[in-house]
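Let me begin by presenting the structure, written as C-alpha cells, before commenting on it.
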Amino acid sequence: LALMDLDGFKAVNDQHGHGVGDEALCQIARRLARIEAPDSAFVARVGGDELAVLLRLHETDAASAQKRAAAFLAAIREPVRASALMLDLYACAGLATYPENGRDFETLLRRADLALYRAKATGPDRLALFTDELERAFGEQALLQTRLGKALDLGQLE
C-alpha cells in the first residue's frame with residue numbers, strides 16, 4: 001500500500017479553485033493506475049490531497065515495492081494540465097507491505113501513514129518505507145505528548 005500526499009496542493013485549491021484541484025487529482029490518479037496493469041492496482045483518494053495505491057506485486061521484497069512507489073512519485077512530478085493551467089506538483093509517499101507490515105487493510109493504512117509522516121519530515125518528494133522502529137518512535141512521541149499535556153493541565157511544569 002502506497003499512501004501519497006501532494007506537497008503544496010492546498011495552494012492549488014486556494015489559488016485556482018477546487019475544480020482545478022479535482023481535475024489535477026483525477027489526472028494524477030489515471031497516471032498512477034496506468035503504471036500498473038489495470039487488474040493489479042487500485043487508486044483511491046483518501047483525503048483532500050492524499051491518494052492511496054493498493055497494488056499486487058508478484059515480487060514481495062521491499063525493494064520491488066520501493067521501486068514501484070518511486071515510479072508513482074515520478075509520474076506525479078510530470079506537469080499536469082488542468083483548466084488551461086500547467087501545474088508542477090510533487091508528493092511524498094509512505095509504503096507498507098503485506099504481510100510484513102500488516103495482515104489487514106487498517107493496519108497497512110496506519111503504517112503507510114506513519115511512513116508518509118516520516119517521508120514528509122525529511123523534505124519534499126520523498127519516499128519512506130514503514131519499519132518497526134518508526135512505529136516505536138511515534139509511540140514514544142505520542143506517550144510523551146500525553147504526559148506533557150497532563151503535566152500542563154495539573155500545573156506541574158515550571
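Going by the working numbering, the first residue of the sequence shown is number 1, and it counts up by one from there. Beta carbons: idealized from backbone N, C-alpha and C, even for Gly.
Kindly list the residues whose CB is nearer than 6 Å to the CB of Ala82, restricted to its own chain and excluding five residues on each side of it in sequence; keep chain order. Val20, Glu23, Ala24
According to DSSP, is Leu6 helix, strand or coil? strand
Looking at Met4: is its Cβ nearer than 8 Å to the Cβ of Leu57? no
Sheet register partners of Gly94 (DSSP bridge): Leu3, Ala128
Within this structure, are the beta carbons of Ala2 and Ala93 separated by less than 8 Å? yes
For the beta strand (DSSP E) that Glu50 lies in, which residues bound it at each end? 50 to 55
Keeping to the same chain, check which residues put their C-beta closer than 6 Å to that of Asn13; ignore five residues upstream and five downstream. Gly21
Would Ala128 pass as a contact of Leu6 if the rule is Cβ separation under 8 Å? no
Buried or exposed: Asp132, going by 16 or more other Cβ atoms within 10 Å of its Cβ? exposed
Is it the case that the Cβ atoms of Tyr117 and Leu108 are separated by a distance below 8 Å? no
Since Phe42 sits in a beta bridge, which residues does DSSP pair it with? Leu54
Alpha carbon to alpha carbon, what distance is there between Leu157 and Glu106? 37 Å
Find the nearest neighbour of Ala65 within the set Asp153, Ala112, His16, Ala151, judged by alpha-carbon distance. Ala112
Could you spell out where the beta strand (DSSP E) holding Arg81 opens and where it closes? 80 to 82
Can you grab the Cα-Cα spacing for the pair Ala33 / Ala96, in whole Å? 18 Å
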